[in-house]
Amino acid sequence: MPDRRDGTLERPMTGRAATSAAWVAVIGGGQNCEHDVSLASAAAVAGALEDAGYAVVRLTIDRDGSWRHGVDGCPVDLADAIHVLRTCDVAVPVLHGPRGEDGTLAALCELAGVAYVGSGVLAGALAMDKWATKLVAADLAIATAPGVLLTPSTAPGYRWTRPVVVKPVAAGSSQGVSLVASAPGLAPALDAAFALDRRVLVEDVVTGREIDVAVLGRPDGSRTVAPALEIVVDGLFDFATKYGGGADFRVPAELADAERKELEEAAVAMFDALGCAGVARVDFFLTADGPVLNEVNTMPGFTEQSQVPKMFASAGVSYAELLDVLVRDVLG
Numbered sequence: 001m002p003d004r005r006d007g008t009l010e011r012p013m014t015g016r017a018a019t020s021a022a023w024v025a026v027i028g029g030g031q032n033c034e035h036d037v038s039l040a041s042a043a044a045v046a047g048a049l050e051d052a053g054y055a056v057v058r059l060t061i062d063r064d065g066s067w068r069h070g071v072d073g074c075p076v077d078l079a080d081a082i083h084v085l086r087t088c089d090v091a092v093p094v095l096h097g098p099r100g101e102d103g104t105l106a107a108l109c110e111l112a113g114v115a116y117v118g119s120g121v122l123a124g125a126l127a128m129d130k131w132a133t134k135l136v137a138a139d140l141a142i143a144t145a146p147g148v149l150l151t152p153s154t155a156p157g158y159r160w161t162r163p164v165v166v167k168p169v170a171a172g173s174s175q176g177v178s179l180v181a182s183a184p185g186l187a188p189a190l191d192a193a194f195a196l197d198r199r200v201l202v203e204d205v206v207t208g209r210e211i212d213v214a215v216l217g218r219p220d221g222s223r224t225v226a227p228a229l230e231i232v233v234d235g236l237f238d239f240a241t242k243y244g245g246g247a248d249f250r251v252p253a254e255l256a257d258a259e260r261k262e263l264e265e266a267a268v269a270m271f272d273a274l275g276c277a278g279v280a281r282v283d284f285f286l287t288a289d290g291p292v293l294n295e296v297n298t299m300p301g302f303t304e305q306s307q308v309p310k311m312f313a314s315a316g317v318s319y320a321e322l323l324d325v326l327v328r329d330v331l332g
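When you line the sequence shown up against UniProt numbering, it's residues 1 to 332, in that order.
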């Protein structure tokens, strides 16, 4: 299987003669804690695709599950939203988190017979489930942080013995994630995580550099890997740090050739094992013993200042060019 490891892209030469002939539905929002993040990503994606000459149709899912259509946000029911989707050539689901990135929206597109950008139902569901992702990684001999899965019935029996990170199994944007450095912090951390999910993951703290790797799957089976990005932050890379400007993104990350190769191979292996499509961000801790997988994001943040666009930009692929490739790869 051919692949490219320098982040450069071969633009698809087949398909529609002009992008203006293609109608693209961009779907944002969602019924989860990442609603506002998704709105920002969707607005940026829609604007860039319009500038590239596509006819963009905006659809938004409100926090209560209701749908809106157009820039003005005209309310529509689900049947009308599906009708709108069916009038488009391709959909771009820009929903992060549960009831979106977890395969839910991909399933809707599948049932409606609408081509879409990104991972399918199974890949979205597996990657969103951090426990399932750990099991896949273990089968590939890719290290993950030692951890335990807790439910409301098993959590009372868990006892803190060392620093741990508590996180919901299926949430994103670091929502509900806590670093527990002492026993008194465990109960509130579990409460915060259980507020977002019925299953909670408690993992040992991993000491290492935070490195993100972006993988783009192409229709010919090739994999393009963008230059890696390092997140430099004082403490936990939580929601406030991620979106409050407290993190320093360094791209390309300073890596030895052997480190880069190991990270890229692990990222591509996870991409393929989960069955991802389009672009995915694979997050690692780089430790003295090698990479430790943190999580896989099948619909990562996608404003121009988000990690994945920054990684491809460092290889000379602009935000608009990356989106154009993703859409054209589906249009064929």
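For every residue, glycine included, the Cβ atom is placed at its ideal position computed from N, Cα and C. Computed from a predicted model, the values in this text were never measured in an experiment.
Sequence-distant residues of the same chain with beta carbon closer than 8 angstroms to residue i, five excluded per side
{"i": "Ala52", "result": "Thr19, Ala320, Leu323, Asp324"}
{"i": "Arg11", "result": "Only weak support is given to the placement of Arg11: the predicted model assigns it a pLDDT of 49, under 50, and the question is left unresolved by the model."}
{"i": "Val71", "result": "Arg58"}
{"i": "Thr151", "result": "Arg198, Arg199, Val200"}
{"i": "Ala48", "result": "Glu304, Tyr319, Ala320, Leu323"}
Reference residue i, options the options, closest by Cα
{"i": "Phe271", "options": "Val233, Arg218, Val57", "result": "Arg218"}
{"i": "Ala137", "options": "Thr151, Ala273, Asp191, Val317", "result": "Ala273"}
{"i": "Glu295", "options": "Thr207, Val84, Arg86, Thr144", "result": "Thr144"}
{"i": "Thr287", "options": "Arg250, Gly208, Gly332", "result": "Gly208"}
{"i": "Val169", "options": "Phe194, Leu39, Gly65", "result": "Phe194"}
{"i": "Ala247", "options": "Glu230, Glu254, Arg260", "result": "Glu230"}
{"i": "Gly73", "options": "Arg63, Asp64, Arg58, Gly65", "result": "Arg58"}
{"i": "Pro163", "options": "Ile142, Ala25, Thr151, Gly185", "result": "Gly185"}
{"i": "Asp283", "options": "Ala277, Glu264, Gly275, Ser182", "result": "Glu264"}
{"i": "Ala267", "options": "Thr133, Ala25, Lys310", "result": "Thr133"}
{"i": "Val92", "options": "Phe285, Ala277, Phe312", "result": "Ala277"}
{"i": "Leu216", "options": "Lys130, Val292, Met311", "result": "Met311"}
{"i": "Lys261", "options": "Asp220, Ala280, Val213, Asp191", "result": "Val213"}
{"i": "Ile61", "options": "Ala46, Ala44, Val26", "result": "Val26"}
{"i": "Cys109", "options": "Asp89, Val202, Gly65", "result": "Asp89"}
{"i": "Val117", "options": "Val94, Gly65, Ala127, Val317", "result": "Val94"}
Local Cβ density within 10 Å of residue i, reported as buried at 16 or more and exposed below that
{"i": "Gln307", "result": "buried"}
{"i": "Asp139", "result": "exposed"}
{"i": "His96", "result": "buried"}
{"i": "Thr224", "result": "buried"}
{"i": "Pro98", "result": "buried"}
{"i": "Ser153", "result": "exposed"}
{"i": "Ala22", "result": "buried"}
{"i": "Ser119", "result": "buried"}
{"i": "Glu254", "result": "exposed"}
{"i": "Gly113", "result": "exposed"}
{"i": "Gly28", "result": "buried"}
{"i": "Ala183", "result": "exposed"}
{"i": "Thr87", "result": "exposed"}
{"i": "Pro291", "result": "buried"}
{"i": "Ala189", "result": "buried"}
Chain-order list of residues whose beta-carbon lies under 6 angstroms from that of residue i (same chain, five-residue window excluded)
{"i": "Pro146", "result": "Asp204"}
{"i": "Val76", "result": "Trp67, His69"}
{"i": "Ser314", "result": "Pro227, Val251, Pro252"}
{"i": "Ala55", "result": "Trp23"}
{"i": "Glu259", "result": "none"}
{"i": "Ile142", "result": "Ala266, Leu293"}
Beta-carbon proximity list for residue i, same chain, < 7 angstroms, skipping 5 on both sides
{"i": "Gly124", "result": "Glu101, Asp102, Gly103, Ala106, Thr298"}
{"i": "Asp129", "result": "Val169, Ala170"}
{"i": "Arg63", "result": "Gln31, His35"}
Three or more C-beta pairs closer than 8 angstroms, one from the segment 173 to 181 and one from the segment 20 to 36: is that the case here? yes
Is it true that the segment 149 to 166 meets the segment 79 to 93, where meeting means three or more beta-carbon pairs spaced less than 8 angstroms apart? no
Report the residue ranges of all alpha helix (DSSP H) runs contained in full by the segment 75 to 110; include only those spanning at least 4 residues, in chain order. 78 to 86
Tell me the start and end of each unbroken alpha helix (DSSP H) in the segment 166 to 244 that is at least 4 residues and wholly inside, in chain order. 186 to 194, 239 to 244
3-residue-minimum beta strand (DSSP E) runs that sit fully inside the segment 292 to 331, ordered along the chain: none
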